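Residue numbers (our numbering), protein chains in the order written: chain Z, 432 to 580; chain E, 6 to 324; chain U, 3 to 562.
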Amino acid sequence: MTAPRLDPPARVLVTKIGLDGHDRGSRIVAAFLRDAGMDVIYTPPWQSIAGVVKLAIEEDVDAIGVSSLATDHLIVPQLVERLREAGLGNIGVVVGGIVPADEQPALLRAGVSAIFGPGASRDEIVQHVAAIAARARAERDADLREVTS
Amino acid sequence: MGAPSLSPEIPPAVAALVDRLRRGEPAALSRCLSLVEQGGALADTICRLASPATGRAVVVGFSGPPGAGKSTLIDAYLAHVRALGRSVAVAAVDPSSPISGGSVLGDRVRMHRHTEDSGVFIRSIASRGHLGGLSENIHRVVDLMDASGRDVIVIETVGAGQSEVEIVEVADVCVVVNAPNLGDDVQAIKAGILEIADVLVVNKADLPLARRTTDQLRAMLSLRARQRDVPVIETVATSGVGIYALAAAIDARSNVSAAQKRANRLRRIRRLIAQSAARRIRDQILALDGPQSDALLFDALEGNCGIAEAVERMLRMIV
Amino acid sequence: MTKEAIQLSLPGFDQDYAQWRADYTRQIGVDRHIVNRSGIEIQPLYTPRDWDGSRYEPDLGFPGQYPYTRGVYPTMHRGRTWSQRQLIGLGTPEDYNARVRQMLAAGATAISFLPCNSGFRGVDCDEVDPLLLGTCGTVSNTVDDMEVALDGVPLGEISTAMNDPSPFTLLAFTLGVAKRRGVAWERISGTSNQSDYLSHFIANHMFYRLSLPGSRRVLTDHVAFCLERLPNWNPVSVVGQHMQQAGATPAETVGFTFSTALQYAEDCVARGIDIDVLLRRFTFFFDISISFFEEIAKFRAARRIWARLARERLGAKNPGSWRFKFHGQTSGVDLTRQQPLNNIARVTTQAMAGILSGLQSMHTDAYDEAVATPTEETARIAVATQNILREEAHLCDVIDPLAGSYYVETLTDQMESEILAVIARIDAAGGMYKAAESGLVQSMIGDSALRYQDKIERGEEKVVGVNCYQLADEESAFRPTERPDPSRMKAHVARFKAFKESRSRGAVYRALAALARAAQDEKDNVFARVVEAAEAGVTHGEIVGCLRKELGFGRPLIVA
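Take a look at the structure:
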């Protein structure tokens, strides 16, 4: 079942932390998400974790995609932790790129919602991001839902 | 009378949220911006609650063709404003894809000096197909940022054409940024965008043709009575040259009297109401059904009545 | 581009061709419409109608003769085989040293140094999270580090390629080591492999350190210094690899790369450098994709185009200047994580294309290169691949063996047209520097990348194990990930900190001040001051930091 399009569109951060600078993959994923009707806040590589948290707050993002080649995924758990500390624990974080199979369980345990390798299809990625974005937004809006008038 | 009391329909959660907004919490401002985007009664409520706190901030708009270096210039301007101890909010508007409705918003990262500065709040906004260079509810965005206590509000828009002049309705000061290497001669800069400028900038002034661009702009301005004292400032955004002069020019033009400010804001509110009204009327006309409206449409089609009369009749039908 | 069929007078040709065409159409059913990566339509058959040898002399000529289509030297690989230059980089300088000794023992004839990601970022090892150190390259921040890394490596005899972008501190450290060992700088041979700042700005932001104008200045200084003091060093390697890996088609890649080469040549000539002196030391660095024939045609066309550009457009007089010399690396982008042993077949195919294209030096990827830094075993297989192709398949016995193939010659001509069209487009935009600054190149590449990705998504481009022939339940064939030993890295960082404490502060201060002054003085040579700073014990991070402050931090243009 495809996740419905949010209105206003889902706001998704696509970013890279750590040292690697190859961004062809994240550029392509940003284009996929845009073509699926989402608003993508796109950053270049080498964002600091503190910077990403600030951005997530200001842009009220519904989901975060971290592109990781090399070993940058090793510091994603730190990002997840900081997001939780800032009260953004309900924003799903997905990791895209190359993560060795034996290091994936640790990431998932740390709270990463999904890991997409190079073989992942556009559809897979878009559907998952749409789903976690919808969930995050629904959760955040829950306390204000009583106002109808 | 005393302070306006909260109507009983407003849930405490909403009131609390706006309260936090007014105390300057970034997370609250961010949430309110999202909720206001969703529109509806909730958006109206939030804006109404925030409204008494508006009217302090200076709103500066940055317009100009892509490639002129607007984002880099704003980055430098923000550094200057921060050095003076003022707080800032930035609304960076980017166009949405007309096909998918989505967008890639990449402006904020060019303001890289401020990625960890809590005194700079940056929000990326998709135009969502709205024409005019901004987004449909930019007025509300500005009001909320104002209500959160920010001293300066910066709006960045892609505005190079004649239709991207909406910024003038929102900003206290309009800065139009040009650069000499964009291939177009100054003559090619559409008249509309030039006319709204309170301050003109020639960025990348270290390039050889910069002086010529400056001279051409000054010549064009001297021909327009209303714009004779619009300054043309040369900057090199990457190194900071000219930023002080730019900031001073912006300050001078934002230092208007309280009365003028109020007049500006009344003008903005009037436009907002007009916009909302137009939308409402349009929606109603499109939704109109039944023999009476059918007959009207038929009449108009057959030429039994002119369009002007058709409008009159239609308006009477829906009001 | 469709070429006009050549008129032939071969008796029986037309009838037989018509017969074949009819039989083909009848048997093939629904024919596939095949287009290669550069957008050129590929026919099922090529004949003398497409290429008949009548243009052999102006277009092909002989190896070592203008326009060099068949090879830049008369003997090519039959005389001297290509350099086996495997890229190595991992862990601490000691780790690098151990690996490089192995490679040399296994037959590598040249070495290549890949610095750690922290180095690419322009910082020292004590400035980043230790988890991220040494995972993709070797940490090397001082002359001392380089001395350890190159221990036992005969500097004056072996060619070294430093994969270090501006301001080329790795070379500066190497020169420091040479001085300590008493090896004359004139004997140092190798290449500044990542001197192409425009390609970094456009397509490999990882390697982009200084502002565009700053990079321009430092490159020109670097070239001037090397041409004068290091006669056996190639200071400029114009790189097509990053752009092709970012998604540029093979034809676009050559077009952009040559436009960059023209830009650098212009900049150096404006500095007063003689064009022939410069071009003799120009090298190119390209990826070799698995599009076998397309790559061969690409490189043959490139040789022809470069010869003409160098001679007619740049006005070089020395035939040595007209030669397109290149290092080829098998493209990691074509490798897959799924069923990784398949990558051995892929790398072999790519290497074959490279050899048959007539490259001067080659790096073959290890089969796990898509996922991790190669292990000893996988690195050895990569080198053995080259040895087998040379010794057992005898790919070196004949020079330019595919010449005369109706297909290959037609495709060479077509690639040439595509490449020239790209160069014309960049010219129209005012040259490569302006085209990069404005984002034109980046958006062209982005479009090509998206188009290719779409083809893979739709299954039009097939990748074994990914969108066809997948394993239903794929177990990872990789052994647990090798990471640099954290205790060794920790020890290294501690030693580095101790080094910083123990060196002469006065010398460091003076060297940095001189460097900063040089950056502001057009008449001084920034790279010369970098070399001096390295000798005085200034670290990589300090040198880069100083130049970033003076010349501007490199922020690539993001074209989303």
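C-beta atoms are modelled at their ideal positions from N, C-alpha and C, and glycine is treated no differently.
Just so it is clear, the structure is predicted and the values come from calculations on it, not from any experiment.
For residue i and residue j, what's the separation of their Cα atoms in angstroms?
i         : j         : result
Thr412(U) : Asn195(U) : 32 Å
Thr579(Z) : Val125(U) : The pLDDT assigned to Thr579(Z) is 41, lower than 50, so where the model puts this residue is not dependable; a value taken from the coordinates is nonetheless given after this. Each residue's alpha carbon lies about 55 Å from the other.
Ser489(U) : Glu129(U) : 17 Å
Val316(E) : Ile51(E)  : 35 Å
Val443(Z) : His207(U) : 22 Å
Ser544(Z) : Thr446(Z) : 16 Å
Pro103(E) : Leu139(E) : 15 Å
Met3(E)   : Cys179(E) : Residue coverage of chain E in this structure runs from 6 to 324, which leaves residue 3(E) outside it and unanswerable.
Met432(Z) : Val507(Z) : Only weak support is given to the placement of Met432(Z): the predicted model assigns it a pLDDT of 49, under 50, and the value that follows is read from those uncertain coordinates. Near 29 Å, if we compare the C-alpha coordinates of Val507(Z) and Met432(Z).
Thr380(U) : Thr171(U) : 30 Å
Ala494(Z) : Arg87(E)  : 30 Å
Tyr68(U)  : Cys270(U) : 24 Å
Pro476(Z) : Arg25(E)  : 33 Å
Tyr454(U) : Thr350(U) : 23 Å
Val185(U) : Asp146(U) : 16 Å
Leu486(Z) : Ile127(E) : 8 Å
Pro296(E) : Ala283(E) : 24 Å
Met78(U)  : Pro65(U)  : 8 Å
Glu393(U) : Arg455(Z) : 38 Å
Leu306(E) : Arg321(E) : 19 Å
Phe227(U) : Leu149(E) : 58 Å
Could you spell out the range, first to last residue, of the beta strand (DSSP E) harbouring residue i?
i         : result
Arg321(E) : Unbroken run through Arg321(E) is the alpha helix (DSSP H), 312-323; no beta strand (DSSP E).
Leu89(U)  : 85-90
Ile130(E) : 125-131
Val64(E)  : 63-68
Arg442(Z) : 442-446
Val175(U) : Reading off the sequence shown, one finds Phe at residue 175(U), where the question assumed Val. No beta strand (DSSP E) contains Phe175(U), which is instead part of the alpha helix (DSSP H) from 171-183.
Val497(Z) : 494-499
Gly528(Z) : 523-528
Between which two residues does the alpha helix (DSSP H) harbouring residue i extend?
i         : result
Ile290(U) : Element bounds for Ile290(U): not the alpha helix (DSSP H) but the beta strand (DSSP E), 284-290.
Gly81(U)  : 78-81
Arg255(U) : Note on residue identity: the sequence assigns Thr, not Arg, to residue 255(U). Note, Thr255(U): alpha helix (DSSP H), 252-273.
Asp299(E) : 296-307
Glu96(U)  : 95-107
Phe584(U) : The requested residue 584(U) does not occur in the structure, where chain U is confined to residues 3 to 562.
Thr541(U) : Thr541(U) -> no alpha helix (DSSP H), and no H or E assigned at all.
Met446(U) : 442-460
Met225(E) : 215-227
Ser1(U)   : For chain U, the structure presents residues 3 to 562; residue 1(U) sits outside this window and is missing.
Based on the DSSP secondary-structure assignment, which residues constitute the bridge partners of residue i?
i         : result
Cys398(U) : Answer is none; Cys398(U) lacks a bridge partner.
Phe555(U) : Leu212(U)
Asn183(E) : Val207(E)
Trp235(U) : Gly192(U)
Ser108(E) : Asp470(Z)
Glu239(E) : Val207(E)
Gln470(U) : The sequence shown places Cys at residue 470(U), rather than the Gln named in the question. According to DSSP, which records beta bridges pairwise, Cys470(U) is partnered with Val466(U).
Glu378(U) : None, per the DSSP bridge assignment.
Phe328(U) : Phe286(U)
May I ask you to check if the CB of residue i is nearer than 8 Å to at least one heavy atom of the ligand GTP?
i         : result
Ala509(U) : Ligands displayed in this structure: none; no statement on the ligand GTP is therefore possible.
(message) Closer than 9 Å between beta carbons: that is the criterion. Which residues of the stretch 468-480 of chain Z meet it against chain E?
(response) So the close ones are Gly468, Met469, Asp470, Val471, Ile472, Tyr473, Thr474, Pro475, Gln478, Ser479.
(request) Could you name the residues of the stretch 125-149 of chain U whose beta carbon sits closer than 8 Å to any beta carbon of chain Z, in the order they occur along the chain? (result) Listed by position along the chain: Val130, Asp131, Leu133, Leu134, Thr137, Cys138.
(message) Can you pull out the residues from the stretch 487-514 of chain Z whose beta carbon lies closer than 8 Å to at least one beta carbon of chain E?
(response) Taking 8 Å as the Cβ-Cβ cut-off, the stretch 487-514 of chain Z approaches chain E at Ile488, Glu489, Glu490, Asp491, given in chain order.
(request) Would you check if the stretch 424-441 of chain U and the stretch 257-275 of chain U touch, i.e. whether three or more CB-CB distances between them fall below 8 Å? (result) With a cut-off of 8 Å, the stretch 424-441 of chain U and the stretch 257-275 of chain U count as touching, because enough Cβ pairs lie within range.
(request) Check whether the stretch 98-109 of chain U touches the stretch 145-152 of chain U, counting contact only when three or more Cβ pairs, one atom from each stretch, lie closer than 8 Å. (result) A contact between stretches requires three or more CB pairs, one per stretch, nearer than 8 Å, and the stretch 98-109 of chain U meets this requirement with the stretch 145-152 of chain U.
(message) At a CB distance below 8 Å, what residues from the stretch 237-265 of chain U approach chain Z? Give them in sequence order.
(response) Residues Gln247, Ala248, Gly249.
(message) Measuring CB atoms only, is the stretch 110-122 of chain U touching the stretch 84-94 of chain U, in the sense that at least three cross pairs come out at less than 8 Å?
(response) The stretch 110-122 of chain U is in contact with the stretch 84-94 of chain U.
(message) Below 8 Å, how does it come out for the stretch 230-237 of chain U and the stretch 397-410 of chain U: are there three or more Cβ pairs, yes or no?
(response) When C-beta atoms of the stretch 230-237 of chain U are compared with those of the stretch 397-410 of chain U, fewer than three pairs fall below 8 Å, so the two segments do not count as touching.
(message) Quick test of the definition: if touching needs 3 or more C-beta pairs under 8 Å, does the stretch 371-388 of chain U touch the stretch 312-326 of chain U?
(response) Contact between the stretch 371-388 of chain U and the stretch 312-326 of chain U is absent, with fewer than three C-beta pairs closer than 8 Å.
(request) Mind the definition here: the stretch 212-220 of chain U touches the stretch 454-466 of chain U only if three or more C-beta pairs lie below 8 Å; say whether that holds. (result) A contact is defined here as three or more CB-CB pairs under 8 Å, and the stretch 212-220 of chain U fails this definition with respect to the stretch 454-466 of chain U.
(message) Counting only Cβ-Cβ distances shorter than 9 Å, please list the residues of the stretch 435-463 of chain U near chain E, keeping chain order.
(response) Taking 9 Å as the Cβ-Cβ cut-off against chain E, the residues of the stretch 435-463 of chain U that qualify are Lys436, Glu439, Ser440, Gly441.
(request) With 9 Å as the C-beta to C-beta threshold (strictly closer), list the residues of the stretch 236-247 of chain E near chain U in chain order. (result) For the stretch 236-247 of chain E, which is checked against every Cβ of chain U, the residues closer than 9 Å are Thr243, Ser244.
(request) Could you say if the stretch 163-183 of chain U and the stretch 520-527 of chain U meet the contact criterion of at least three C-beta pairs nearer than 8 Å? (result) Because the criterion of three Cβ pairs below 8 Å is not met, the stretch 163-183 of chain U and the stretch 520-527 of chain U do not touch.
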